[in-house]
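Heads up, the sequence shown is in the numbering used here, so the first residue is 1126 and it goes up one at a time. Backbone N, C-alpha and C fix where the C-beta goes; we use that ideal spot for every residue, glycine too. In this text the structure is predicted, and so the values were computed from the model without any measurement.
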Amino acid sequence: MAIDPSVINEYREVLGEEFAPFFTDLIETFFTSGPEFIETMKEALNANDAESFTRAAHTLKSNCKTFGAMEFAEMAYELEKLGSAGDLNTARQKLPILEASYQQLVAELENLRDQLGK
C-alpha cells in the first residue's frame, strides 16, 4: 500500500499550519470508520444485500481517496463494482484481501500520523 504524496502535499499547501492537526484527525477518523465499513460489507454479504455492500464499498473508497490511499481505494472500487453487478460470490472471495490490505494501510497511516506529531 502506498499513500500518494501529492495528495498530502496539496493539503499541506492549502492548510498551512492547520495541516498536521487536520490530517491527524482525518487519519484517526479512518481508524474508526474503516473497520465499520468493512464490517458493514461483511454483514451485507451475509444478508445477500448487494445495495448495502455497494454503498459501504463506495464510501470506503471515497474515504481512502481523501488522504491518497489510491491502491486501497482501487480495491474498494473493485468491490463496489462487484456489488453493483450483484456478484456477491466474487465479492466474498475478494473481501479478505481488502481486509489484509487495510491492516497494511493502517500501519502506513500510523507511521504518517506519528511523523505529523513531531
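In whole angstroms, give me the CA-to-CA distance for residue i and residue j.
i	j	result
residue 1220	residue 1195	17 Å
residue 1183	residue 1142	31 Å
residue 1204	residue 1191	18 Å
residue 1174	residue 1153	29 Å
residue 1167	residue 1235	25 Å
residue 1130	residue 1193	7 Å
residue 1155	residue 1176	22 Å
residue 1172	residue 1138	44 Å
residue 1187	residue 1199	10 Å
residue 1145	residue 1136	9 Å
residue 1232	residue 1151	15 Å
residue 1218	residue 1225	13 Å
residue 1206	residue 1189	16 Å
Verify whether the separation of the beta carbon atoms of residue i and residue j is less than 8 Å.
i	j	result
residue 1178	residue 1230	no
residue 1296	residue 1201	Residue 1296 lies beyond the residue range present for the chain, which begins at 1126 and ends at 1243; the question has no answer from this structure.
residue 1128	residue 1227	no
Assuming residue i contacts residue j (C-beta within less than 8 Å), just tell me the rounded distance between them.
i	j	result
residue 1159	residue 1185	7 Å
residue 1211	residue 1149	Their Cβ separation, rounded to whole angstroms, is 39 Å, which puts residue 1211 and residue 1149 out of contact at 8 Å.
residue 1157	residue 1181	Not confirmed; about 14 Å, so no contact.
residue 1170	residue 1223	12 Å between Cβ atoms; not a contact.
Following a CB-centred definition, is residue i positioned closer than 7 Å to any heavy atom of the ligand SAH?
i	result
residue 1196	Looking for the ligand SAH in the displayed structure turns up nothing, as the structure carries no ligands at all.
(message) Please give the ranges of any alpha helix (DSSP H) in the segment 1143–1189, keeping only runs that are unbroken, at least 4 residues long and fully inside the region.
(response) 1144–1171
(request) Scan the segment 1213–1237 and note each continuous alpha helix (DSSP H) run of 4 residues or more that stays entirely inside, going in chain order. (result) none
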